[in-house]
Amino acid sequence: MIRAALSTLGILCALVGCSSTAFAQSEPPASRLELGVGVRWIGTEQLGAKPATETTGSGGTSQLFSTTSELAGAAGIEGRVGVRLSRSLMVEAEGAYVKPELRIAVSADAEGAAPVTATETIQQFTIGGDLVWYLPVHRWSPRLAPFAIGGAGYMRQLHDPGTLVDTGGFYHVGGGVSTLLTSGGRWHTKGAGLRADVQAFIRSNGVAFDDGAKTSLAAGASFFVRF
Amino acid sequence: MRRAITIAVAVSLTFGHSAPALAYLKFGVPIRGQQVTVKWAQTPVRYFVSDSGVPGVSAVDFQNAVGRAFATWQAVPTASITYQLAGVTSAQPGSDDGSSVLGFRSRPDLDRVLASTSFLVDSSTGALIESDIFFNSAFPWSTAAAGETGRYDLESIALHEIGHFSGLGHSALGETELVSTGGRRVLSAEAVMFPIAFAAGSIAARTLKADDIAGISDLYPDGDFTTDGSLSGRVTRDGQPLFGAHVVAFDPATGTMVGSFTLNAQGQFSIGGLSPGPHVVRVEPLDDADVDSFFDTSQTVDLDFRVAFFNRAVAVPKGGDSGEIALQVVRK
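These protein sequence lines are chains V and H, in that order. Every number in my numbering is 42 more than the matching position in the first sequence, counting from 1. Every number in my numbering is 807 more than the matching position in the second sequence, counting from 1.
Spelled out as structure tokens, the structure:
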């Protein structure tokens, strides 16, 4: 098992080493810096169910009402700065802001209260770092570049009305495509284009009613400029 | 000169506070026009136990069961109150001698009262001087570890009465049904301080619940209690404030509930001892026990409204308050 892990590590190191070597030995990339802004959507996260119970005389429980919670999907904005390490590798710093709604559906009240969904708006800020790998499957179209992306970061969730903060971490992995709309341009730009991705977004801690990691689908679309 | 007044739990206590108490009903006495919370000024609180037993419960059994109940309250990590057994006495509970005594008394006339707590309060400070608990020997009692069919569990009832002994009033976190012979039967409860006991044989009330812990921690705060938060607001019907509405905060993370009441003319309430995080808020009329178990008869408690939930999840901050929320209810 240890040997297998070491050999996997070795392969990873070799891959990174190759990329690095390629960057060093090939022509310098036409552009080194990429700035992007766009929209980010994070899908619904199920937060589980929890009943409100009371103790019976036998030591059992009797349900007073039940709750089922979710952090609803929401769209927000994101920005990122990427630096090309080679023709196929780019590292990015990214930040995003979304306002999902915490929804707690309350039902089955023992005394007949009408079901209700108690809601609260959460302001969610994330910052993190990504590794973007442009796939060597050359190319579906001259301007379309598929990529794989993975990263991790820090998350801060601010409850309404701003008096309670939850923090946590996240990581995500997925893929997407980017396309150059223009090459060259004004103000030292070397091109501009669009990028779209779909990712699995996994977070730990933050708004949660148990200790488990929460997974949801995430998608983004952005406009970028290369320098 | 210190003047003392005697107060009996069920009849003369006033619960009306000029401002909402944080969690729970606490006993209060009017001093110079203001309600002052009744509590022990110094700990450990010393108590004596009676040297007489009853059929099924020896004096030693009694002392041990009462000791376990005191230890349960004392073990609450967010409360500072401590107790100390001062000795065994032949004195009866209920005599205003400056010593707190727990013991049996035969009161067959009180055919619905398992036990009762009385107080001697310093009327200039609100500090407790003495608190006595009597257990009604007209009922069958048991201290068996697993309980005993047909007999009331002394440790469970002692736990409830020691809550009063410490200054707590009743909690309304429980459900009951009327029985044909009169009175109510408890279906479920989520507070040791619910005013009606489980049926004979039950030992389910030997464990404190979140509501009890919030109450004792609010009276005698210690340690992590300052990092807990609170939730406050108003309850209205047709724009008018409601007095005596029971408001409960439910924490979906822990599944625990803590309750309080609207306690002033503005219909305001405040629930303390809550873990930081989003809470569900439920309001209900005080209809699962006699109103005079909670409030004195001079106060009019409005019961004509439907059980309802607040339509927002309320974020309770760490060490702070949620900010006032507005709960609107409708007539039945």
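Positions of the beta carbon are idealized from the N, C-alpha and C atoms, including for glycine. It should be emphasised that the depicted structure is a prediction, and the values quoted were computed from it without experimental measurement.
>> I'd like to know whether the C-beta of Phe251(V) is nearer than 9 Å to at least one C-beta of chain H.
In response: In the first sequence, counting from the first residue as 1, residue 251(V) sits at position 209. So yes, Phe251(V) belongs to the interface.
> In or out: Thr294(V) buried (at least 16 other Cβ within 10 Å) or exposed?
Replying inline: What the structure shows of chain V is the stretch from 43 to 269, and residue 294(V) is not part of that stretch, so it cannot be assessed.
> In whole angstroms, what separates the C-alpha of Thr988(H) from that of Arg919(H)?
Replying inline: Locating residue 988(H) in the second sequence gives position 181, counting from the first residue. Locating residue 919(H) in the second sequence gives position 112, counting from the first residue. Rounded to whole angstroms, Thr988(H) to Arg919(H) spans 12 Å at the Cα level.
> Any idea which residues DSSP pairs Leu236(V) with across the strands?
Replying inline: Translated into the one-based positions of the first sequence, residue 236(V) becomes position 194. Paired residue(s): Thr221(V), Phe265(V).
>> Let's test the definition: count the other Cβ atoms within 10 Å of the Cβ of Pro862(H) and tell me whether it reaches 16, buried, or not, exposed.
In response: On the second sequence, position 55 is the one that residue 862(H) refers to. Exposed, because fewer than 16 other Cβ atoms sit within 10 Å of the Cβ of Pro862(H).
> What residues from chain H crowd round Pro203(V), counting only those whose CB sits closer than 9 Å?
Replying inline: Taking the first residue of the first sequence as 1, we reach residue 203(V) at position 161. For Pro203(V), the neighbours in chain H by C-beta distance under 9 Å run, in chain order, Ala1122, Ser1129, Gly1130.
>> Which residue marks the beginning of the alpha helix (DSSP H) containing Asp1019(H), and which one marks its end?
In response: Within the second sequence, residue 1019(H) is the residue found at index 212, counting from 1. Judged by DSSP secondary structure, Asp1019(H) falls within the alpha helix (DSSP H) whose first and last residues are 1017-1026.
> Is His230(V) helix, strand or coil when you go by DSSP?
Replying inline: Sequence index remark: in the first sequence, residue 230(V) carries index 188 (1-based). Of the three classes helix, strand and coil, the one that applies to His230(V) here is coil, per DSSP.
> Helix, strand or coil for Thr813(H) per DSSP?
Replying inline: Position 6 of the second sequence, counted from the first residue, corresponds to residue 813(H). Because Thr813(H) sits at a pLDDT of 39, beneath the cut-off of 50, its placement in the model cannot be relied upon, and the following sentence gives the value as read from the coordinates. Here Thr813(H) sits in strand by DSSP.
>> Just checking Thr209(V) against the ligand GDP - is the residue's beta carbon closer than 8 Å to any of the ligand's heavy atoms?
In response: The ligand GDP is absent from the structure shown, which contains no ligand whatsoever.
> If you compare alpha carbons, which of Leu236(V), Val174(V), Phe212(V) is closest to Ala255(V)?
Replying inline: As a working note, residue 255(V) is residue 213 in the first sequence. Among Leu236(V), Val174(V), Phe212(V), the Cα nearest to that of Ala255(V) belongs to Phe212(V).
> What are the start and end residues of each continuous alpha helix (DSSP H) run of 4 or more residues lying completely inside the region 866-899 of chain H, in chain order?
Replying inline: For secondary structure counted as the alpha helix (DSSP H) over 4 or more consecutive residues, the region 866-899 of chain H holds these complete runs in sequence order: 866-881.
> Shorter than 9 Å from the beta carbon of Met1000(H) to some beta carbon of chain V?
Replying inline: As a working note, residue 1000(H) is residue 193 in the second sequence. By this cut-off, Met1000(H) is not an interface position.
> Candidates Ile1010(H), Ala1122(H), Glu1131(H): which alpha carbon is nearest Gly99(V)'s?
Replying inline: Within the first sequence, residue 99(V) is the residue found at index 57, counting from 1. Nearest option by C-alpha distance: Ile1010(H).
> Listing by chain order, which chain H residues have their CB less than 7 Å from the CB of Val148(V)?
Replying inline: Position 106 of the first sequence holds residue 148(V). Per Cβ cutoff of 7 Å: Val1087, Phe1116.
>> Less than 9 Å between CB atoms is the rule here; does Phe1057(H) satisfy it with respect to chain V?
In response: If you number the second sequence from 1, residue 1057(H) lands on position 250. Phe1057(H) counts as touching chain V.
> Can you name the residues of chain V whose CB is closer than 7 Å to the CB of Ser859(H)?
Replying inline: Taking the second sequence and counting its residues from 1, one reaches residue 859(H) at position 52. Per Cβ cutoff of 7 Å: no residues; Ser859(H) is ~29 Å from chain V at best.
> Do you know whose CA, among Arg126(V), Glu96(V), Val79(V), Ala242(V), lies nearest Ala998(H)'s CA?
Replying inline: Residue numbering aside, residue 998(H) sits at position 191 when the second sequence is read from its first letter. Checked all of Arg126(V), Glu96(V), Val79(V), Ala242(V); the closest Cα to Ala998(H) is Glu96(V).
> Would Leu994(H) count as contacting chain V if we go by Cβ distances under 9 Å?
Replying inline: To locate residue 994(H), count along the second sequence from 1; it is residue 187. Put simply, the CB of Leu994(H) is near chain V, with a gap under 9 Å to one of its CB atoms.
>> Tell me the DSSP secondary structure of His1143(H) in three-state form.
In response: No answer is possible for residue 1143(H): the residues shown for chain H start at 808 and end at 1139.
> Which residues mark the beginning and the end of the beta strand (DSSP E) in which Val158(V) is found?
Replying inline: Within the first sequence, numbered from 1, the residue matching residue 158(V) stands at position 116. Its beta strand (DSSP E) spans residues 158-176.
>> Please list, in chain order, the residues of the region 157-174 of chain V that have any C-beta partner in chain H closer than 7 Å.
In response: Cβ contacts with chain H come from Val158, Ala160, Thr161, Glu162.
> Based on Cα-Cα distance, which residue from Tyr890(H), Ala898(H), Phe1057(H) lies nearest to Ala876(H)?
Replying inline: For the purposes of this step, residue 876(H) is taken as the residue at position 69 of the second sequence. The shortest Cα separation from Ala876(H) among Tyr890(H), Ala898(H), Phe1057(H) belongs to Tyr890(H).
>> I'd like to check one pair, Phe911(H) with Ser938(H): are the Cβ atoms closer than 9 Å?
In response: Taking the first residue of the second sequence as position 1, residue 938(H) is located at position 131. Taking the first residue of the second sequence as position 1, residue 911(H) is located at position 104. No, Cβ-Cβ distance for Ser938(H) and Phe911(H) is not below 9 Å.
>> Per the DSSP calculation, Val908(H) is bridged to which residue(s)?
In response: By 1-based counting over the second sequence, the position of residue 908(H) is 101. Beta-bridge annotation (DSSP): Val908(H) is paired with Phe855(H).
>> Can you tell me whether Gly118(V) is helix, strand or coil according to DSSP?
In response: The sequence position of residue 118(V) within the first sequence is 76, counting from 1. Of the three classes helix, strand and coil, the one that applies to Gly118(V) here is strand, per DSSP.
> Do the region 840-860 of chain H and the region 927-942 of chain H touch if we need at least three Cβ pairs shorter than 8 Å?
Replying inline: The answer is yes - the region 927-942 of chain H touches the region 840-860 of chain H, with three or more Cβ pairs under 8 Å.
> Quick one, are the C-beta atoms of Asp202(V) and Arg122(V) less than 9 Å apart?
Replying inline: Translated into the one-based positions of the first sequence, residue 202(V) becomes position 160. Translated into the one-based positions of the first sequence, residue 122(V) becomes position 80. Between Asp202(V) and Arg122(V), the C-beta spacing is not below 9 Å.
> Is Val1042(H) near Val1054(H), with beta carbons less than 9 Å apart?
Replying inline: On the second sequence, residue 1042(H) is found 235 positions in, with the first residue counted as 1. On the second sequence, residue 1054(H) is found 247 positions in, with the first residue counted as 1. The answer is yes: Cβ separation under 9 Å.
> From Gly101(V) to His1086(H), what distance separates their C-alpha atoms?
Replying inline: Mapped onto the first sequence, residue 101(V) falls at position 59. Mapped onto the second sequence, residue 1086(H) falls at position 279. Inter-residue distance for Gly101(V) and His1086(H) is about 26 Å (C-alpha atoms, whole angstroms).
>> Between which residues of its own chain and Gly966(H) is the CB-CB distance below 8 Å, once the five residues before and five after are set aside?
In response: Here the question's residue 966(H) lines up with position 159 in the second sequence. Looking at the sequence shown, residue 966(H) is not Gly but Leu. Cβ neighbours of Leu966(H) beyond the five flanking positions: Ala876, Thr879, Trp880, Val999, Ala1012, Arg1013, Leu1015.
> Is the shortest distance between the beta-carbon of Gly874(H) and the beta-carbons of chain V less than 9 Å?
Replying inline: As a first step, residue 874(H) must be located in the second sequence, where it is residue number 67. Any Cβ of chain V closer than 9 Å to the Cβ of Gly874(H) would place that residue at the interface, and such an atom is absent.
> Going along the chain, which residues of the region 251-269 of chain V sit with their C-beta nearer than 9 Å to a C-beta in chain H?
Replying inline: If the cut-off is 9 Å between Cβ atoms, the region 251-269 of chain V has Phe251, Asp252 near chain H.
>> Please tell me whether Ser111(V) has its Cβ less than 9 Å away from any Cβ of chain H.
In response: On the first sequence, residue 111(V) is found 69 positions in, with the first residue counted as 1. So yes, Ser111(V) belongs to the interface.
> Looking at the C-beta of Glu153(V), does it have a partner C-beta in chain H at a distance below 9 Å?
Replying inline: Here the question's residue 153(V) lines up with position 111 in the first sequence. At least one chain H Cβ lies under 9 Å of Glu153(V).
> Between the region 1030-1045 of chain H and the region 1075-1082 of chain H, are three or more C-beta pairs nearer than 8 Å?
Replying inline: Contact holds: three or more Cβ-Cβ distances are below 8 Å.
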